[in-house]
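Asks: First the structure, then my questions, so here it is.
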Amino acid sequence: MILWINGAFGSGKTTVAYELNRRIPNSFVYDPENVGYFIRKNAPRQILKQDFQDHAIWREINFSVLQTINSEYNGIIIVPMTIVKPQYFDEIINKLSSNGVEVHHFTLLANRETLLKRLKSRGDHKNSWPAKQIDRCISSLSQEMFKTHIHTDRLTIEEIVDRIARECKLELQVDSRGTLKKKFDRFITKLKHIRI
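Under my numbering, the first residue of the sequence shown is numbered 1, with each subsequent residue one higher.
Dropping the structure here:
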């Protein structure tokens with residue numbers, strides 16, 4: 001089973017993915033961005049596109065890797081990744097479903113002000129690349145094809161995690177961490193995923 005956590009930059013995808021990973025036994029977080037960094041590192045600069053998702057090979061590799069992991073790994077694969085173009089959604093997520101993979105797709109939505117505030121908290125200024133993508137993300141991800149939508153402006157991380165688990169009929173382990181430990185773990189997750 002794949003849990004795909006979609007959403008605009010700053011919507012909380014990575015935080016939610018790692019909280020699910022902590023609470024779902026036998027689960028694994030797969031990051032499709034790593035394929036993009038591989039392409040950027042191993043292709044001539046002249047052929048590189050601004051957004052690595054625009055490379056057809058990025059979509060092909062992620063589809064193949066996820067299909068392989070799903071067939072060989074007897075656990076839950078959690079994928080935090082923004083996909084806003086319907087064609088790319090079809091080429092990875094719908095294609096996985098068509099090939100017999102159980103995929104549960106969730107889009108974390110928030111209003112522009114909330115997203116900007118969250119981006120600022122992780123060090124992205126209002127003119128950063130993620131901030132400049134907010135409007136196109138909100139517009140595209142609000143479409144019907146990107147359901148299931150979860151509006152996160154007033155939800156806690158725990159509430160989002162609980163809802164995803166409920167919808168997928170997954171039992172979560174009890175989270176016995178205190179408030180400070182949760183904050184620390186989330187801070188470390190955020191720190192590890194800052195892209196420079």
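Backbone N, C-alpha and C fix where the C-beta goes; we use that ideal spot for every residue, glycine too.
Here's a check: name, in chain order, each residue in its chain whose Cβ is nearer than 7 Å to the Cβ of K126, leaving out the five neighbours to either side.
Replies: Indexing the sequence shown from 1 puts residue 126 at position 126. Within the same chain, K126 has close Cβ partners L116.
Asks: My guess is that L3 and I76 are in contact by the Cβ rule of under 8 Å, so how many angstroms apart are they, rounded?
Replies: Indexing the sequence shown from 1 puts residue 3 at position 3. Indexing the sequence shown from 1 puts residue 76 at position 76. Sure, about 6 Å apart at Cβ, within 8 Å.
Asks: Of the choices N21, N34, Q46 and F106, whose alpha-carbon is the least far from that of T197?
Replies: The chain is shown from 1 up to 196; residue 197 falls before or after that span and cannot be answered.
Asks: Taking the continuous beta strand (DSSP E) assigned at F28, which residues delimit it?
Replies: Here residue 28 refers to the residue found at position 28 when the sequence shown is read from its first residue. Residues S27 to V29.
Asks: I'd like to know if the segment 19–30 and the segment 69–88 are in contact, where contact means that at least 3 CB-CB pairs between them fall below 8 Å.
Replies: yes
Asks: Evaluate contact between the segment 55–72 and the segment 93–103, counting only Cβ atoms and requiring at least three cross-stretch pairs below 8 Å.
Replies: yes
Asks: Under the rule that 16 or more other beta-carbon atoms within 10 Å means buried, what is P130, buried or exposed?
Replies: Within the sequence shown, numbered from 1, the residue matching residue 130 stands at position 130. When all chains shown are included, P130 counts as buried.
Asks: Can you tell me the Cβ-Cβ gap for K190 and T15, rounded? I've got them flagged as a contact below 8 Å.
Replies: Here the question's residue 190 lines up with position 190 in the sequence shown. Here the question's residue 15 lines up with position 15 in the sequence shown. The pair is a contact, with the Cβ atoms about 7 Å apart (cut-off 8 Å).
Asks: At a cut of 8 Å, does the segment 80–91 reach the segment 47–59 through at least three beta carbon pairs?
Replies: yes
Asks: Please give the ranges of any alpha helix (DSSP H) in the segment 113–163, keeping only runs that are unbroken, at least 4 residues long and fully inside the region.
Replies: Secondary structure remark: continuous alpha helix (DSSP H) runs of at least 4 residues inside the segment 113–163, in chain order: 129–132 and 134–141.
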